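Taking it in order: structure first as structure tokens, then the write-up.
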Amino acid sequence: MAGHFCFPSAAMVLLIFVCFVGRAIGGVYFSTLPRTLAVTASPKQGQVLMAGVDKLKVSWGLNQTEKEGTDEAYKKVKVKLCYAPVSQQNRGWRKTEDDLKKDKTCQNTITTQPYTKNPNPSSFEYILERDLPSASYFVRAYVLDGNDKEVGYGQTTDAQKATNLFQVISITGRHASLDIAAACFSAFSVVSLIFFFVKEKRKAKK
Ligand SMILES: *[C@@H]1O[C@H](CO)[C@@H](O)[C@H](O)[C@H]1NC(C)=O
């Protein structure tokens, strides 16, 4: 009788243990990170920027309300461009996961910089990459410790990722229409070349 009870509970203990160890040695969970950085970016709420053309400026520093020494272990700051929820809908490849190793919210790194202590907030100017997809974005900065592990963050939007979003318009769409126009023109020139060639030949025959 005892064996019947024992086996499931042993399995359960093992399972919990495996989960616990997996969590401990596995990834960092976003929900566990303190929001200690104050991050601002130049685009205004709702502003529309062109990929490959427009620039944005990001600034970050320890939030002044944090206790002194909070940033003792801070070594680097990794600044990323992140998809707003409206641009994640029905797109599994941009899905938010609490495990940062699996998280697809922030796929484009703007820059990684050494962390400098306040009162010298750092900033970085970034030209939006040409191949950025059209979407609604915000900026998030992760703080990394000496082992390149995330230990804090800051972002330009609120916890619900609803405020202070900006739009990026991709120019790849414009490229496609340019390509179509170019193809039409070259088809047209080939046709007209044949037309004139035939016409000249007929003239010569007469
Ligand atoms: C700094 O932290 C306080 C308290 O958590 C918060 O209310 C405030 O919005 C933060 N400031 C910035 C710029 O993130």
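Under mature numbering (1 follows the signal peptide of the UniProt record, and there is no 0), the residues of the sequence shown are numbered -26 to -1, 1 to 180, in order. All C-beta atoms in this analysis are idealised placements derived from N, C-alpha and C, irrespective of residue type, glycine included. Just so it is clear, the structure is predicted and the values come from calculations on it, not from any experiment.
Each residue's CA atom was taken as its position, placing residue 125 and residue 89 some 13 angstroms apart.
When the Cα atoms are used, residue 137 and residue 59 turn out to be separated by approximately 11 angstroms. Between residue 142 and residue 100 a beta carbon distance of about 12 angstroms is seen, past the 8 angstroms cut, so the two are scored as non-contacting. Secondary structure at residue 145: coil, using DSSP grouped into helix, strand and coil.
Short of 7 angstroms from the beta carbon of residue 72, and not among the five residues preceding or following it, lie these beta carbons of its own chain, in chain order: 3, 4, 5. When the beta-carbon positions are compared, residue 13 and residue 130 come within less than 8 angstroms of each other. In the DSSP annotation of this structure, the continuous segment of the beta strand (DSSP E) that includes residue 33 starts and ends at 29 to 36. DSSP places residue 139 in no beta strand (DSSP E); its state is neither H nor E. For residue 52 and residue 63, the gap between their C-alpha atoms comes out near 25 angstroms. Taking non-hydrogen atoms of ligand 1 into account, the C-beta of residue 137 is found less than 7 angstroms away from none of them.
For residue 133, the distance from the CB to the nearest heavy atom of ligand 1 is not below 7 angstroms. Taking the Cβ of residue 37 as the reference point, at least one heavy atom of ligand 1 falls within a distance shorter than 7 angstroms. DSSP places residue 82 in the uninterrupted beta strand (DSSP E) bounded by 82 to 88.
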